[in-house]
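In UniProt numbering, the protein residues as written are 1 to 447. Note that the Cβ used here is the ideal one computed from N, Cα and C, for glycine as well.
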C-alpha cells in the first residue's frame, strides 16, 4: 500500500475574525496523482474519537467553506478530514488561469482520493464515514464502486449524477461537450456557464436560502481570492457528465456489490441536479436509502437551520445504526493549528432566521416516513438597546422572523474586480508548471 498522504510542511487554513477554523486541527499538504500538491485539513475532537469522517466538498468549494460542518462533526466526537480537490481551494490548479474550473479525468480525482485515504490508514481512527456533497459525492460513489471497503457508512448530499441542462437535451449537451474536447477546446470556458465568483449576490445565488451563511462565505472569499474558482471548462463539464452517466447506467451489477450502507439526502428545490435519476440510482444499491428535504436548495450544509437540522437527524440515524456507540481508541493528533489570518474585515451580524414551519422528510416506501419539527429560536437582544427587536419578512418565499433586517446586496470591496484578474501565486503555492513533472514520495510520517 502506497503511503503518500502527508508532507513535512504545514498548509495554511485561512481565516477571518468572524469565521475561523475550529480548534484541534492542522493543515497539511499531500501529493496527488502526477505529483500535484494538494491540501487537507485534519481535526481531532476533545477526548476519545468515535471514528473519522472524510468530507469531500463539491465543485469550487474549499476547506474553509466547511468550518461549520467540521465543528458539527467534532461535537459528535469524530475526527474530521476535509480536502481540496485538485484544481480548487489551495490545491494545485491545472491551468495558468486560476479561475478556470478544469478537470482532465475522473481517474485523476479518484487516484488523489485513494492516496489521501492510504495516508490516513494508520492515523485516522476507525470506523470511517464518507460525507460528500455534489461533485464530491459523485466521486465518493465512484470510489465505492471500485471496491473501496474501509468505510462503515456513507452519507451523500445531492450527488452530481444528472445535471440539469435547461432547455437543452442531455444528448445535445453531451455531444457538444465531447466535440469541444476532441477538437482541442478542453481548457476553454463554457460560455453558457459563465460564473464570476466575485460578482455573485445573494439574490442571484440559487444554492441556499440562508443569507447569513452565504454572506459570511463571501467575506471569506473576498479576504482570500486565491480560494476562488469560476466558470467551468469544457473538460470539467465532460468529466461531470460522464461520471454521472457511468454511475446511472449501471444496471445493478456493480452497485449491488457495494457493501457500505449509503444514505443519499436530496433537496426538493435543488436548482442544479435532477432528483428522479438519483432516486432510481439509490434503489439499485445493496444498502441504499434516500431522504428528500422539502424546501431545501442544493447546498444543504449551507442552508437555513431548519433544513440543516433535518440533514443532521438523518446523518445521526445512519451513524447510530451502522457505527458502535462507544468511542474507540484514537491516534494522537498535533493540536497546533497552521492558520493564516488574511484580512481584518467587518462582517455584519449573521441573520439566522427563527424556524417556525413543520415539513416532511420523504423517504422510500419501504422506510418509515418521519416528520421533523424545527423549534423556534430564542429571542435575541440587541446589546445597543437592551430590547428585543424582530423583523418579519420573506426570504425566497420563506417566512423569516429575525432580530436583524433583511440582508442587503453584498457590495464588492474597492479594487476587488481588478484584483480578481491579477491574483498572484502565493509563496506557499505551486504553479501548474512546477507540478507538471512532480514525483510522488513516501511521506507518510505522522505529525
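DSSP beta-bridge partners of residue i
i, result
"residue 83", "40"
"residue 448", "This structure cannot speak to residue 448, because the chain is shown only from 1 to 447."
"residue 273", "163"
"residue 19", "16"
"residue 78", "51"
"residue 280", "Bridge partners of residue 280: none, in fact."
"residue 137", "In the DSSP output, where bridge partners are listed per residue, residue 137 has none listed."
"residue 10", "28"
Classification of residue i by the beta-carbon crowding that lies within 10 angstroms, buried from 16 upward
i, result
"residue 85", "buried"
"residue 147", "exposed"
"residue 191", "exposed"
"residue 384", "Since pLDDT at residue 384 reaches only 33, below the 50 mark, its modelled position is unreliable, and no value is offered."
"residue 397", "Low confidence applies to residue 397: its pLDDT is 45, below 50, so where it sits in the model is not reliable, and the reading given next is rough at best. Result: exposed."
"residue 427", "At residue 427, the pLDDT of 41 sits below 50, so the modelled position is not reliable; the number obtained from the coordinates is stated separately. It is exposed - the Cβ of residue 427 has fewer than 16 other Cβ atoms within 10 Å."
"residue 171", "exposed"
"residue 320", "exposed"
"residue 244", "buried"
"residue 276", "exposed"
"residue 314", "buried"
"residue 299", "buried"
"residue 167", "exposed"
"residue 453", "The first residue shown for the chain is 1 and the last is 447, placing residue 453 beyond what the model contains."
"residue 169", "exposed"
"residue 183", "exposed"
"residue 62", "buried"
"residue 17", "exposed"
"residue 9", "exposed"
"residue 199", "exposed"
"residue 45", "buried"
"residue 100", "buried"
"residue 375", "Here the model assigns residue 375 a pLDDT of 34, short of 50, so the residue's position is not dependable and the matter cannot be decided."
"residue 286", "exposed"
"residue 125", "buried"
"residue 112", "buried"
"residue 306", "buried"
"residue 218", "buried"
Host beta strand (DSSP E) of residue i (start-end)
i, result
"residue 309", "Taken as a continuous stretch (DSSP letters only), residue 309 belongs to no beta strand (DSSP E), being part of the alpha helix (DSSP H) at 305-322."
"residue 293", "288-293"
"residue 14", "13-15"
"residue 30", "25-31"
"residue 103", "No beta strand (DSSP E) holds residue 103; DSSP gives it neither H nor E."
"residue 154", "151-157"
Whole-number beta carbon distance between residue j and residue i, since they are thought to touch under 8 Å
i, j, result
"residue 117", "residue 30", "In fact, because the Cβ distance is near 11 Å, the residues do not count as touching under 8 Å."
"residue 472", "residue 197", "Residue 472 lies beyond the range of the chain shown here (1 to 447); nothing can be said about it."
"residue 151", "residue 130", "5 Å"
"residue 80", "residue 43", "4 Å"
"residue 463", "residue 226", "Given a span of 1 to 447 for the chain in the structure shown, any question on residue 463 remains unanswerable."
"residue 22", "residue 67", "6 Å"
"residue 27", "residue 11", "4 Å"
"residue 318", "residue 153", "6 Å"
"residue 82", "residue 144", "Not really, about 19 Å apart at Cβ, beyond 8 Å."
"residue 135", "residue 240", "7 Å"
"residue 48", "residue 323", "At roughly 14 Å, the Cβ-Cβ gap does not stay under 8 Å, so residue 48 and residue 323 are not in contact."
"residue 163", "residue 302", "So it is not a contact: roughly 19 Å between Cβ atoms."
"residue 139", "residue 109", "5 Å"
"residue 132", "residue 74", "Contact doesn't hold; Cβ gap of about 19 Å is too wide."
Where the alpha helix (DSSP H) through residue i begins and ends
i, result
"residue 267", "Not the alpha helix (DSSP H): residue 267 falls in the beta strand (DSSP E), residues 262-267."
"residue 449", "No answer is possible for residue 449: it lies beyond the span of the chain, which begins at 1 and ends at 447."
"residue 190", "Here residue 190 belongs to no alpha helix (DSSP H), and DSSP marks it neither H nor E."
"residue 173", "170-182"
"residue 242", "234-249"
"residue 75", "67-75"
Proximity test, Cβ basis, 8 Å: residue i and chain D
i, result
"residue 55", "Given the protein chain composition of this structure (a single chain), no chain D is represented."
The ligand FMN heavy atom lying under 7 Å from the CB of residue i
i, result
"residue 11", "The model depicted lacks the ligand FMN and carries no ligand whatsoever."
The stretch 222-235 in contact with the stretch 179-193 per 3-pair CB rule at 8 Å: The stretch 222-235, when compared against the stretch 179-193, does touch it at the 8 Å Cβ threshold.
- request: Would you check if there are 3 or more beta carbon pairs closer than 8 Å linking the stretch 292-309 to the stretch 263-274?
  value: yes
task: Kindly confirm or deny that the stretch 87-105 and the stretch 47-54 touch, where touching means at least three C-beta pairs closer than 8 Å.
output: no
- request: Count the CB pairs spanning the stretch 149-169 and the stretch 256-265 that are closer than 8 Å, and state whether there are at least three.
  value: yes
query: Within the chosen definition, does the stretch 87-94 reach the stretch 242-257 through at least 3 CB pairs nearer than 8 Å?
result: Contact annotation: the stretch 87-94 does not touch the stretch 242-257, with fewer than three C-beta pairs closer than 8 Å.
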